[in-house]
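Heads up, the thing below is written out as structure tokens.
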Amino acid sequence: MDGQTPPHRRGIGPAVTLSRYLPILDWGSRYNGTTLTNDGVAAIIVTIMLIPQSLAYAMLAGLPPEIGLYASILPLIAYAIFGTSRTLAVGPVAVVSLMTLTAASAIAAPGSAEFIAAALILALLSGLFLLLLGIFKLGFLANLLSHPVVSGFITASGIIIATSQLKSIFGIKASGAAMPELLSSLAATIGTTNLPTLIIGISATAFLFWVRKGLKPLLMRFAIPARPAELIAKTGPIAAVAASTIATIMFELEAKGVKVVGNIPQSLPPFSVPLIDVELWKTLAIPALLLSIIGFVESVSVGQTLAAKRRQRIDPDQELIGLGAANLSAAFSGGYPVTGGFARSVVNFDAGAETPAAGAFTAIGIAIAALFLTPLLYSLPIATLAATIIVAVLSLVDFKTPRTIWRYSKTDFTAMAATIVITLLAGVEPGVIAGVSLSLALFLWRSSRPHAAIVGRVPETEHFRNVNRHKVFTDPRILTIRIDESLTYLNARWLEEFILEQVADQKSVRHVILMCSAVNAIDASALESIEAINHRLEDGSISLHLSEVKGPVMDRLKRSHFLEALSGKVFLSQNGAFSTLIAIADNEDKADNITDNWMARGLI
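In this text, residue positions in the sequence shown follow my numbering: the first is 1370, and each later residue adds one.
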């Protein structure tokens, strides 16, 4: 031996095990000056973007603006320690803010002390749910939410959020958790529109939309490279904030009815303890769970997309722990529920962030802003923050996907459309519940109706294909059914009915082959159904055979009495089964012909 660790044993040890749960030990051990520079530059850019976003999303959640800043400090540091994505930017996001508003509004009026206490409890419960899911490695549960349903929910939420901000654009009062109430409320108060507020709101919105599409090409005309031009364009909200704040001060617009942010405490996040109230916790438990699921799905989707671009990977179960830690940090530092944001993460990625340390540096930048820059935001018009929200969330509204899904799958489109309609008409929480229910219902429906095909042999080959799709050779005495999914209690009865119907329609069948090449598992209920199929076919003088059974499935069948009672055989290959049974059927036909001849001659 050369004294070196065998290859199959490398990477096993306490340090590796610890870094599995503390990813910072992994990337931190390779941290260097170049990485520090790249993370620092990315952090500066994201900080500039995050300051107005944090204020705006806190306002969307019905909370004082400083809470948005508080939710952007310790949660980012917690995720940097426990998260696995190198570029995910955690903090307040639009959909989670709207869900927070909806859930906490059932407890108290937005902005009140009771409302803020409910937001803290939501952060705490969300953190606990996420942490427990991560510890027990239940990240796969998020897969129960189908992509069409999630896309439909986010689209509908984006429309509701944008509509809800029109009141701030017009300088009027309006409320409502769903579109009918929002539109009715806006229509009732539109006559009280404040003209200076409207001018600011429309100007800021138009400017931000132009910045998204027009500023980058303009900068590139002045010989600024594409990447720096794109990053400068991402900081457009800061320009809108500065210009509208200066205009408000110069023209004394606050005295003319323009609502401004006002006093924001100059302080770091306070240590806060969520209210211990069992009944209140019970009331907020379901909303917190739904909020956790949606936040995790959104976050992990962004994280996986960005990781794939750099040939990296994230660990969904550890992501649950990272997001759980971030939300717990928010609960104890005066914040509210957070998750990974799409826009910020893309900016973080494009700005060159290499590790989660960029998020920690961003937290430091937000802390500095909370300590020293908040007086500068006193005269910031609420309309500008509303414009920031509208422009951000409308990028989430996707009308192309429904058309694509309609062409691809009418069933998925139905689920997506139902989620959009329910969310728009009834609100966010019913929309989430409907989305989860529809996802589960679709899963159960599809699982209960597995794809199965009658197959025949492609001439001059050993391949078997669907008789309805290909020109294949079949034998009327042999029925081959290919099952394309695992057999479970959900689809066992369906398979039983399908096989017996096929046999009833084909009177000449003597042998039935179940081609099991795509069957990865057979549970106890499915085994019972196959046993029933075997007995019923045997009663009708039909033999049941299996082909291409996978090893793990065969191992389980051997532990049952099924193989002993099987009327036919188990074949290694479908071609072998088909050829053998043709020969057996031919011999049976010859024997039958001889018997018939003897009977005709009166010999028997």
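In this text, a Cβ means the ideal position worked out from N, Cα and C, and glycines have one as well. Values in this document were obtained by computation on a predicted structure and should not be read as measured data.
Best match in L1457, A1755, R1826 for proximity to H1839 [C-alpha to C-alpha]
Translated into positions along the sequence shown, residue 1839 becomes position 470. Of L1457, A1755, R1826, the residue nearest in Cα terms is R1826.
DSSP-derived helix/strand/coil call for G1734:
Taking the sequence shown and counting its residues from 1, the one referred to as residue 1734 is at position 365. The answer is helix: DSSP assigns G1734 an H, G or I state.
Whole angstroms is fine: what's the gap from G1437's alpha carbon to V1630's?
Numbered from 1 along the sequence shown, position 68 holds the residue referred to as residue 1437. Numbered from 1 along the sequence shown, position 261 holds the residue referred to as residue 1630. Each residue's alpha carbon lies about 13 Å from the other.
Contact between the region 1613–1624 and the region 1730–1748: three or more CB pairs below 8 Å?
yes
Does the beta-carbon of F1833 have 16 or more other beta-carbons within 10 angstroms, so that it is buried, or is it exposed?
Sequence index remark: in the sequence shown, residue 1833 carries index 464 (1-based). Buried, by the Cβ-count rule.
What alpha helix (DSSP H) runs, 4 residues minimum, are completely inside the region 1769–1811?
1769–1777, 1779–1795
May I have the straight-line CA-CA distance separating T1404 from T1617, to the nearest angstrom?
Numbered from its first residue, the sequence shown carries residue 1404 at position 35. Numbered from its first residue, the sequence shown carries residue 1617 at position 248. Going from the Cα of T1404 to the Cα of T1617 covers about 41 Å.
Taking C-alpha atoms, which residue in L1443, P1517, S1454, T1453 lies nearest to P1461?
Here residue 1461 refers to the residue found at position 92 of the sequence shown. Of L1443, P1517, S1454, T1453, the residue nearest in Cα terms is L1443.
For the alpha helix (DSSP H) holding N1903, just list the boundary residues, first then last.
As a first step, residue 1903 is located in the sequence shown; it is residue number 534 there, counting from the start. Run containing N1903: 1893–1908, per the alpha helix (DSSP H) assignment.
How would you write the range of the alpha helix (DSSP H) that S1916 sits in, first residue to last?
The residue labelled residue 1916 in the question sits at position 547 within the sequence shown. Here S1916 belongs to no alpha helix (DSSP H); instead the beta strand (DSSP E) covers 1912–1916.
Once the 5 residues before and after R1389 are set aside, which same chain residues still bring their CB inside 6 Å of it?
As a position in the sequence shown, residue 1389 is number 20, starting the count at 1. Same-chain partners within the cutoff: there are none.
Would a C-beta distance cut-off of 7 Å place S1537 and A1755 closer than the cut-off?
On the sequence shown, residue 1537 is found 168 positions in, with the first residue counted as 1. On the sequence shown, residue 1755 is found 386 positions in, with the first residue counted as 1. Yes, Cβ-Cβ distance for S1537 and A1755 is below 7 Å.
With a threshold of 7 Å on Cβ separation, who are the neighbours of K1959 within its own chain once the five nearest residues in sequence on each side are excluded?
Indexing the sequence shown from 1 puts residue 1959 at position 590. Same-chain partners within the cutoff: there are none.
Determine the closest residue to A1487 out of V1459, V1881, G1704, with distance taken between C-alpha atoms.
Position 118 of the sequence shown, counting from 1, holds the residue named residue 1487. The option with the nearest alpha carbon to A1487 is G1704.
Status (buried if at least 16 other CB within 10 Å, exposed otherwise) for I1737
If you number the sequence shown from 1, residue 1737 lands on position 368. Exposed, because fewer than 16 other Cβ atoms sit within 10 Å of the Cβ of I1737.
Taking N1643 as the reference, which of L1493, H1914, T1469 has the closest Cα?
For the purposes of this step, residue 1643 is taken as residue 274 along the sequence shown, with counting starting at 1. The sequence as given places Pro at residue 1643; Asn does not occur at that position. The residue with the shortest Cα to Cα distance from P1643 is L1493.
Assign D1955 to one of two classes, buried (16 or more other C-beta atoms within 10 Å of its C-beta) or exposed (fewer than that).
As a first step, residue 1955 must be located in the sequence shown, where it is residue number 586. The residue is exposed, with fewer than 16 neighbouring Cβ atoms inside 10 Å.
Can you tell me the Cα-Cα spacing of V1939 and S1929, whole angstroms?
Numbered from 1 along the sequence shown, position 570 holds the residue referred to as residue 1939. Numbered from 1 along the sequence shown, position 560 holds the residue referred to as residue 1929. Distance between the alpha carbons of V1939 and S1929: 15 Å.
Pick from S1474, G1728, G1945: whose alpha carbon is nearest that of E1831?
As a position in the sequence shown, residue 1831 is number 462, starting the count at 1. Minimum Cα distance to E1831 is reached at G1945.
As a quick exercise: from E1688, R1590, R1399, V1465, pick the residue whose alpha carbon is nearest that of K1506.
Against the sequence shown, residue 1506 aligns to sequence position 137. Of the candidates E1688, R1590, R1399, V1465, the one whose C-alpha sits nearest the C-alpha of K1506 is E1688.
With contact counted as at least three CB pairs below 8 Å, one residue from each stretch, are the region 1909–1922 and the region 1858–1865 in contact?
no
On a Cα-Cα basis, can you pick out the residue from F1711, N1563, I1735 that is closest to P1421?
Counted from its first residue, the sequence shown places residue 1421 at position 52. Taking only the C-alpha atoms, the option nearest P1421 is I1735.
Per-residue burial, D1853 [other beta carbons within 10 Å of its own, 16 or more giving buried]:
Counting from 1 along the sequence shown, the entry for residue 1853 is found at position 484. Exposed, because fewer than 16 other Cβ atoms sit within 10 Å of the Cβ of D1853.
What is the DSSP secondary structure of G1545, reduced to helix, strand or coil?
Here residue 1545 is taken as the residue at index 176 of the sequence shown, counted from 1. Note: G1545 maps to coil in three-state DSSP.
Given a cut-off of 7 Å on the beta-carbon distance, is the pair A1430 and L1470 in contact?
The residue you call residue 1430 lines up with position 61 of the sequence shown. The residue you call residue 1470 lines up with position 101 of the sequence shown. For A1430 and L1470, yes; Cβs fall inside 7 Å.
Below 8 Å on the Cβ atoms is my guess for A1440 versus G1728; work out the distance and round it to an integer in Å.
Your numbering for residue 1440 matches position 71 in the sequence shown. Your numbering for residue 1728 matches position 359 in the sequence shown. At roughly 13 Å, the Cβ-Cβ gap does not stay under 8 Å, so A1440 and G1728 are not in contact.
What's the C-alpha gap between E1897 and S1855?
Along the sequence shown, one-based indexing puts residue 1897 at 528. Along the sequence shown, one-based indexing puts residue 1855 at 486. Looking at the two C-alpha atoms, the distance is approximately 14 Å.
How would you write the range of the alpha helix (DSSP H) that F1711 sits in, first residue to last?
Indexing the sequence shown from 1 puts residue 1711 at position 342. Here the alpha helix (DSSP H) through F1711 covers 1711–1719.
By how many angstroms is the C-alpha of A1557 removed from the C-alpha of P1799?
Start at 1 with the first residue of the sequence shown, and residue 1799 comes out as number 430. Start at 1 with the first residue of the sequence shown, and residue 1557 comes out as number 188. Cα to Cα, the separation comes out at about 25 Å.
Tell me R1680's beta-bridge partners as DSSP assigns them.
If you number the sequence shown from 1, residue 1680 lands on position 311. According to DSSP, R1680 bridges with nothing at all.
Could you check whether G1664 and V1465 sit closer than 7 Å to each other, using their CB atoms as the reference points?
The residue you call residue 1465 lines up with position 96 of the sequence shown. The residue you call residue 1664 lines up with position 295 of the sequence shown. Their beta carbons are under 7 Å apart, which means V1465 touches G1664 by this criterion.
Within the same chain, show all residues whose beta-carbon is closer than 6 Å to that of P1639, passing over the 5 residues directly before and after it, in chain order.
Your numbering for residue 1639 matches position 270 in the sequence shown. G1703, listed in sequence order.
Look up D1844 in the DSSP assignment and give the residues it is bridged to.
Here residue 1844 refers to the residue found at position 475 of the sequence shown. D1844 pairs with I1847.
Residues that DSSP places opposite R1596 in a beta bridge
The residue you call residue 1596 lines up with position 227 of the sequence shown. In DSSP, R1596 forms no bridge with anything.
Cβ neighbours of I1953 in the same chain (closer than 7 Å, five flanking residues each side left out)
Here residue 1953 refers to the residue found at position 584 when the sequence shown is read from its first residue. Closer than 7 Å at Cβ, skipping near neighbours: no residue.
Which of the three DSSP states, helix, strand or coil, is assigned to H1930?
Residue numbering aside, residue 1930 sits at position 561 when the sequence shown is read from its first letter. Coil, per DSSP.
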